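Student: Just passing along the structure, written as structure tokens.
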Amino acid sequence: MPPAHTGGAAPGGTAFDGTVPGGAASGSREADAAARLARGVRPTDAHLAAAAAITQQERSGRLARIAYTARRIVATPQGALGVVILLIFVVLAVFGHWIAPQDPNAPTSFSADILTGPSGAHWLGTDENGRDVMSELILGAQTSMLIGFVAAMVSSVIGTAVGIVAGFSGGWVDRGLTLLDDWFLVLPLVPVTVLAASLLGSKATNLPLGQTMVLIIVIGAFGWAGTSRIVRAEVMSLKSRGFVERSRALGASHWRIMTRDILPNVMPLVLANAVIYVSLAILTESTLSFLGLGDPNRFSWGQMLEHAQSAGAMAAGNFAYYLPPGICITLAVLGFSLLGHSIEPLFDPRLKERR
Amino acid sequence: MTTARQQAGVGLIPDAAAPILQISGLTVVSRDKPTVHIVDDVSLTLRRGEALGIAGESGCGKTTTALAIMGLLSGGLKRTSGELTFFGRNGTKPLHKLSGAAMRKVRWASISMVFQGAMNALDPVKTVGAQIAEAIVLHEPRLSRSAVLKRVSQLLDQVGVASKRSVYYPHEFSGGQKQRLMIALALACRPELVIADEPTTALDVITQAQILDLIGELRRELGLSLLMITHDLAVLAQACEKIAVMYAGQVVETGRVEDVYRFPQHPYTARLLDLLGADDAPGTLPEPIPGNQPRPDARPVACRFHDRCAFATERCATEAPLLREVSPQGMVTDHWARCHYSPWAGGRVPDRPAGTATVDGKQEVL
Amino acid sequence: MEGSVHEGSAIDESAPLLEAVGVSVRYRVRGRHRGAARYLTALDGVNLTWREGETLALVGESGSGKSTLGRVLLGLLPPTSGQVKYGGLPITKAVERKLRRDVQLIFQDPYQSLSPRSTVGTQVSAGLEIHEIGERGVERTAIGLAALSAAGLNPPEVYWRRYPHQLSGGERQRVVIAGAMALGPRALVCDEPVSALDVSVRAQVLNVLATLRSQRGLSLLFITHDVRLARQMSDRIVVLYRGNVVEEGSTATVLADPQHDYTKRLLAAVPSVRVGSR
């Protein structure tokens, strides 16, 4: 078939031109579609059958994909360890009230046996009010997980949105957002959160989670700048890639390009960053609580450290009181880091087949 | 085209010249899967002053062969057998036995390389003069500063870049000039053998022609030996005396360019030459070769080209052909082919038999 | 609503498919020259006519402005001055939408023109979603599969769920072609469609394009520095040099009897394989 080609400058009136109203002259959508079909591809019955099968599989495939992803995370030792650690904390966070030996908030929990060491009744001893340290530790998991997850989500969503819009738009939008970004980036997180938490603290009683909500908002709102910075840099490089221009040439809207072409390509970055940010949020919560800016109505590991210190547990060598909260903070951070490292390759289809 | 080839320095070297590089039985495998031969029993001889072009499509093993010679195989690859002997001015060196340190001495000083995509291989934060000087100092540390600078400007002169531009940064040069700089860098330590991997691929035709002319000039002036790796048979014809065509890890045909191009003895070579469409009338397309080159782990047994070959018989699917010396014109011309049916009647592989399927609508072999 | 958008914007069938009238593109370059802002002229008052059914080759070296002209014709880059007309109409919002669907772009580097994180199926049906062609689900999938078949990827359902990294360069380029064909376009603009491909794959991809052209009456525009490609595929050649059209004519005439010095140099630089003629 070498001479596959009509040869010579084919004039405008080829056969298909005559039979097909090629342009928008026809006006109506139906005629237009018919023209396109004549020019374009016509699915055969085999194509329709295959399409039906694919659509069916795509519907049922979602669950299988999630299961598959989960299996792959657990397949690596680090991933498995991270999942185990986090699962324990999540279970403690959700079912803590039932698991904990006593409710430390109940008036009956207070006793005269203060700052005792570990015993059969109190595995980790008692605090300065004679309450069970073990129970406080278990309930603390809830605060840490809640703040960690929600704050990381808030900052990731804001950071990703700002990063994509800035990187994709360019021009004055980019300059403005980058300026804002810089500003948030140089604000020292802890002093600012201390300030914000103490300012907002008085109004906290009206919020759903009280003082804890303040912490979430403060940690989340001040942490997005790092994410947006990384996302923006990645978007700038993705923007010049062929597939983005292909989408533009296809007529895709900016929204579509940002959500369908760019977002999936920055997702691994965002996730890896979010996981790190969960750790950071947990640490910040601990710091704030240690400084006495925590939620007085909840138990948290940072608060326990603060109480242990002010009660002189450290000086008294009461290890069972002040070591476990510290270990829990470290373990939670470690769990998220391990998970983060094993999640990242799963979002890159190029890495999926290896190993 | 005689003039263009002569201009490019082709045909100056007598066949009787002593070899400078001998490759025998080179086999490179993947470390993960040692049964996968990326390069499979390749033997080639390059004579002093000669230019040998290795042609083939991506994945045929041509670049791996070059990297094996340089001792620069990536971590995933391993040379399992084969000898690489370099007959240099300072004695004969078995490259395959050299230690890392000894190989580093040979590399650049005796054998240098112009890498693929070389235009991006220059360090953007150093001036080009400094980069060339660095290469010289690395191998000749006792050279005085003024001698180094003199050599740098001499090299730039040689490759046709004004020597006063040695203080410029890479981004201040065009693609073609960057390629000239890469050549200067390759010549920095006065090597005897230069390996050029796709030296003109990213360039447009006019620049490509200039670079090919430059390579020819340098070969004439410096008596360089050249090993050129390319997928473009037209470029190869212009720059080399000898050709080796590789397919699926093997050399399938080798010989003098004139002989191979006029009397191709392997169907793959013949089809590649057809694809250049040298004599086609405007508006006609050459018939494509159906299918794809097989991946190293999925190569057919026996003749590796048989599933894409229009002349394949049952024998081709069962019995592996050997690389044999063929004399299509009745003369011994050092022309070798790996096909059961060469030499072909009529002196060359015939045109495709009529009625063979085209690639359209036909399932691709992965 | 589609109908109402196009009311009064009837595309003249006898008018050229795409037309550039005195198109110039200047970029502002960083830095200043003697106090004045520096500009780089990519295109300098270019006129070009591309008729329906015609295969046109825009030939020139890198920096000649050929890719810029391609982007301007597609409305992806607004010209500094001059005008582009599609079917005789200046590019307004409504015409642009039509243009996006009717004229598709095939890129040079098939390794970059597909998103690494989406499946072939998603990317082939992207255009159908954007232009709301067919019904979501089975119908769009079927059109996408048919497009893969048309581009020579058979059986298409095998390719549907693959990711780009699992495909060879030639297969990726066919996926891009399939994505374009799914929309039933009138024309394809191909920017160096085969320069990143191996020789044998190159011939396969060109044959797919030639087949689509003859079966569906596609108009093709090749943007290339490869004179061989222009010779094999085009009816008419337009030679660009430093942002200007220096020569224009039927492929056979331009190749046999080049008039402009630059064209002569370009043709002389093409390496020949006829070593036997010595």
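Chains as they are written, first to last, in this note's numbering: chain A, 1 to 355; chain B, 1001 to 1366; chain C, 2001 to 2278.
We put the beta carbon where it would ideally sit given N, CA and C, even for glycine.
All values derive from a computational prediction rather than experimental measurement.
By the three-class DSSP mapping on this structure, what secondary structure does A:S26 have?
Tutor: Residue placement at A:S26 is flagged as unreliable, the pLDDT there being 41, under the threshold of 50; a coordinate-derived value is accordingly withheld.
Student: Could you tell me the alpha carbon to alpha carbon distance between A:T6 and B:P1288, rounded to whole angstroms?
Tutor: Because A:T6 carries a pLDDT of 38, less than 50, the predicted location of this residue cannot be relied on, and the following value inherits that uncertainty. C-alpha separation (whole angstroms): 19 Å.
Student: What runs of the beta strand (DSSP E), each 3 residues or longer, lie entirely inside the segment 2156 to 2204 of chain C?
Tutor: The segment 2156 to 2204 of chain C contains these whole beta strand (DSSP E) runs: 2187 to 2191.
Student: Closest to A:G223 by CA distance: which of A:V192, A:M236, A:R256 is it?
Tutor: Of the candidates A:V192, A:M236, A:R256, the one whose C-alpha sits nearest the C-alpha of A:G223 is A:V192.
Student: I'd like to know whether the C-beta of C:R2265 is nearer than 8 Å to at least one C-beta of chain B.
Tutor: Yes, C:R2265 counts as interfacial toward chain B.
Student: Are the beta-carbon atoms belonging to A:Y277 and A:L124 less than 8 Å from one another?
Tutor: Not closer than 8 Å, so no.
Student: Counting only C-beta atoms, is B:H1231 closer than 8 Å to chain C at any point?
Tutor: So yes, B:H1231 belongs to the interface.
Student: Using three-state DSSP, classify A:R131 as helix, strand or coil.
Tutor: Note: A:R131 maps to coil in three-state DSSP.
Student: Cα-Cα, which of C:S2115, C:Q2166, C:G2184 is closest to C:A2146?
Tutor: Comparing Cα-Cα distances from C:A2146 to each of C:S2115, C:Q2166, C:G2184, the minimum goes to C:G2184.
Student: Report yes if the CB atom of C:G2170 is closer than 8 Å to the CB atom of C:Q2204, and no otherwise.
Tutor: Yes, the pair counts as a contact, with Cβ atoms nearer than the cut-off.
Student: Indicate whether B:Y1168 and B:V1137 have their beta-carbon atoms separated by less than 8 Å.
Tutor: Not a contact, by the Cβ cut-off of 8 Å.
Student: State the Cα-Cα distance for the pair A:S342 and C:S2067, rounded to the nearest angstrom.
Tutor: The straight-line gap from Cα to Cα measures roughly 42 Å.
Student: Could you give the DSSP three-state label for A:W301: helix, strand or coil?
Tutor: If DSSP states are grouped into helix, strand and coil, A:W301 belongs with the helices.
Student: In chain order, what residues of the same chain have a beta carbon less than 7 Å from the beta carbon of B:T1065, not counting five sequence neighbours either side?
Tutor: Correct list, in chain order: L1026, V1039, V1042, I1054.
Student: Contact defined as beta carbons within less than 8 Å: I believe B:G1176 pairs with B:L1203. What is the distance between those atoms, to the nearest angstrom?
Tutor: With 8 Å as the limit, B:G1176 and B:L1203 qualify as a contact, their Cβ atoms being about 6 Å apart.
Student: Please list the segments of the alpha helix (DSSP H) lying wholly inside the segment 2075 to 2108 of chain C, counting only runs of 4 or more residues, in order along the chain.
Tutor: Correct list: 2093 to 2102.
Student: Go ahead and label A:W255 buried or exposed: buried means 16 or more other beta carbons lie within 10 angstroms of its beta carbon, across all protein chains shown.
Tutor: By the 10 Å Cβ count, A:W255 comes out exposed.
Student: Would you be able to state if there are at least three C-beta pairs under 8 Å between the segment 2013 to 2030 of chain C and the segment 2192 to 2207 of chain C?
Tutor: Contact fails: fewer than three Cβ-Cβ distances are below 8 Å.
Student: Does the beta carbon of A:G23 sit closer than 8 Å to a beta carbon anywhere in chain C?
Tutor: Interpretation of A:G23 is limited by its pLDDT of 41, a score under 50 that renders its predicted location unreliable; no figure is taken from the coordinates.
Student: Going along chain B, which residues have a C-beta under 9 Å from C:L2255?
Tutor: Simply P1282.
Student: Within 10 angstroms of the Cβ of C:W2050, are there 16 or more other Cβ atoms? Answer buried if so, exposed if not.
Tutor: Its Cβ being crowded by 16 or more others within 10 Å, C:W2050 is buried.
Student: So for C:S2125, helix, strand or coil by DSSP?
Tutor: If DSSP states are grouped into helix, strand and coil, C:S2125 belongs with coil.
Student: Mind checking if C:F2222 is an interface residue toward chain A, Cβ cutoff 8 Å exclusive?
Tutor: Not an interface residue.
Student: Give a yes or no on whether 8 Å exceeds the smallest Cβ distance from B:P1288 to chain C.
Tutor: Yes, contact with chain C.
Student: May I ask you to report which of helix, strand or coil DSSP gives B:G1088?
Tutor: It is a strand residue.
Student: Any C-beta of chain C within less than 9 Å: which residues of the segment 162 to 187 of chain A qualify?
Tutor: The residues in question: there are none.
Student: Between the segment 2181 to 2208 of chain C and chain B, which residues of the former have CB atoms less than 8 Å from a CB of the latter, in chain order?
Tutor: Against chain B - using a Cβ distance shorter than 8 Å - the residues of the segment 2181 to 2208 of chain C are D2198, V2199, S2200, V2201, R2202, A2203, Q2204, L2206, N2207, V2208.
Student: To the nearest angstrom, how far is it from the Cα of A:G61 to the Cα of A:P345?
Tutor: Answer to the nearest angstrom: the Cα atoms are 21 Å apart.
Student: For B:L1272, which residues in chain C fall below 9 Å Cβ to Cβ?
Tutor: Correct list: V2199, S2200.
Student: Between C:V2245 and C:V2059, how many whole angstroms is the CB-CB distance? I'm expecting something under 8 Å.
Tutor: So it is not a contact: roughly 10 Å between Cβ atoms.
Student: Mind reading off the beta-carbon distance from A:I230 to A:L269? Whole number of angstroms is fine, and I expect it under 8 Å.
Tutor: At roughly 6 Å, the Cβ-Cβ gap stays under 8 Å, so A:I230 and A:L269 are in contact.
Student: Quick one, which of A:I219, A:P104, A:I85, A:S300 has its alpha-carbon nearest A:P188's?
Tutor: Comparing Cα-Cα distances from A:P188 to each of A:I219, A:P104, A:I85, A:S300, the minimum goes to A:I219.
Student: If you measure beta-carbon to beta-carbon, which residues of the segment 260 to 286 of chain A are closer than 7 Å to chain C?
Tutor: Taking 7 Å as the Cβ-Cβ cut-off against chain C, the residues of the segment 260 to 286 of chain A that qualify are D261, P264, N265.
Student: Among residues of its own chain, excluding the 5 on either side of A:A24, which ones have a beta-carbon nearer than 6 Å to its beta-carbon?
Tutor: With a pLDDT of only 40 at A:A24, under the threshold of 50, the placement of this residue in the model should not be trusted, and no figure is reported.
Student: Please list, in chain order, the chain C residues whose beta carbon lies closer than 8 Å to that of B:G1175.
Tutor: Per Cβ cutoff of 8 Å: S2062.
Student: Can you look up B:D1041 in the DSSP assignment and give me helix, strand or coil?
Tutor: Of the three classes helix, strand and coil, the one that applies to B:D1041 here is strand, per DSSP.
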